[in-house]
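Scroll down for the structure; my scribbles are underneath it.
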Amino acid sequence: MAHDKVRITDLPLMKASGTPITMLTAYDYPFAKIFDQAGIDILLIGDSLGMVVQGADSTLPVTLADVMYHLRMVVRARRRALVVADLPFLSYQVSPEQALRSAGRLIKEGAEAVKLEGGTTMAATIRRLVDVDIPVMGHIGLTPQSIHRMGGHRVQGRQPGRAAGCRERLLEDATAVEEAGAFSIVLEGMPADLAAEITNKLTIPTIGIGAGPSCDGQVLVMHDMLGLTQDSVPRFVKPYASLWQEVAAATSSYIREVRERTFPAPQHCYSSKKA
Ligand code: KIV
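Okay, here's the thing in structure tokens:
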């Protein structure tokens, strides 16, 4: 399986065999190529790009054109991984028809599936896309496009009840997403025991972020995973590198050497042809 193209149809087999699914966000050619060559299963062009690439303080300003721009770069780099693209805020909530048009544009650019946020309220929309063979990945729990309702990026499902963001409601949301035909679902920012309960209940794979170890797979935002953010990262993130510091140190060295005139050195220079 390691070097074969990952397809939607592989994911249920991975869940059934207990093979953890690996997913990372990617927004450009070089990082997508590194992740793909390393063997990542899924590359997500997340609307998190608004925060980690564009410097916005939420995902709300991201447009469909923004996602398409980054999707093109990732698709050029991808050989093996499954490519999933996010539907950004207000590109699908207006109506199932709007969702279909937006999702169709992402598929035409090379995405193999789309991801959208929401549970029971999005079931009809998911069904509309699935009915025309556009694979959908759901996303419930801490859904960043609901930042204003949640009052910030807050862990969901800690309270019992059926109000939005409460435990029983998230269980209903997960079931609604599966019944609507999604092929997998992201569980973000929820207690590990709730994510475990959802994972056991659903037949589709769950992919967790801040949702504990029982999910069928894990996803992280690449900037968090690589230590490419200057801000402190949330508790659920494990930085596997310190790229911010490495890039800062490299930049300081470059500035110093240019100012000292030690760069460029002779080996970096061209000589003229002798007449
Ligand atoms: O936009 C994103 O990067 C995401 C992941 C955090 C799952 O939705």
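Residue numbers for the sequence shown, in our numbering: 303 to 577.
Glycine included, each C-beta is placed from N, C-alpha and C at the ideal position.
No experiment lies behind these values; they were computed from the predicted model shown.
Simplified DSSP assignment, three categories, for residue i
| i | result |
| --- | --- |
| Asp306 | coil |
| Ala484 | coil |
| Tyr331 | helix |
| Asp495 | helix |
| Leu300 | Any answer about residue 300 is impossible in this case: the structure gives the chain only from 303 up to 577. |
| Tyr548 | A small fix is needed here, since residue 548 is Glu in this sequence, not Tyr. Three-state DSSP puts Glu548 in a helix. |
| Gln520 | strand |
| Lys317 | helix |
| Ile344 | strand |
| Leu402 | helix |
| Ala387 | strand |
| Ala426 | helix |
| Ala415 | strand |
| Val355 | coil |
| Cys555 | Residue identity check: residue 555 is Ser in the sequence provided, not Cys. Here Ser555 sits in helix by DSSP. |
Distance CB(residue i)-CB(residue j) smaller than 8 Å
| i | j | result |
| --- | --- | --- |
| Pro437 | Ala415 | yes |
| Leu384 | Ile336 | no |
| Lys417 | Met439 | yes |
| Ala413 | Leu373 | yes |
| Glu419 | Met370 | no |
| Ala551 | Ser516 | no |
CB-CB length for residue i against residue j, believed under 8 Å
| i | j | result |
| --- | --- | --- |
| Val386 | Leu326 | The Cβ separation is near 11 Å, so there is no contact. |
| Ala482 | Leu489 | Not a contact, Cβ separation roughly 16 Å. |
| Leu402 | Val434 | 7 Å |
| Asp388 | Asp349 | 4 Å |
| Thr422 | Ala513 | Thr422 to Ala513, Cβ: 19 Å. No contact. |
| Gln458 | Leu473 | With a Cβ gap of about 12 Å, Gln458 and Leu473 do not count as contacting. |
According to DSSP, residues forming a beta bridge with residue i
| i | result |
| --- | --- |
| Val457 | In the DSSP output, where bridge partners are listed per residue, Val457 has none listed. |
| Leu489 | Ile442 and Gly510 |
| Gly420 | His441 |
Neighbourhood of residue i by C-beta distance below 6 Å, restricted to the same chain and skipping five residues each side
| i | result |
| --- | --- |
| Ala543 | Leu528 and Gly529 |
| Lys317 | Pro507 and Asp518 |
| Phe584 | Nothing can be reported for residue 584, as the shown portion of the chain is limited to 303 through 577. |
| Arg381 | Asp338 |
| Met303 | Confidence at Met303 is low in this model, with a pLDDT of 45, below 50, so the placement of that residue should be treated as unreliable; the coordinate-derived value is given next. Once the five neighbours on either side are set aside, Met303 has no close Cβ partner at all. |
| His525 | Val354 and Thr531 |
Own chain residues within Cβ distance below 7 Å of residue i, not counting five before or after
| i | result |
| --- | --- |
| Leu313 | Ile323, Phe485, Ser486 and Pro507 |
| Thr501 | Thr508, Ser516, Cys517 and Asp518 |
Residue-chain proximity (residue i, chain C), Cβ-Cβ < 8 Å
| i | result |
| --- | --- |
| Ile342 | The displayed structure is made up of one protein chain only, and chain C is not part of it. |
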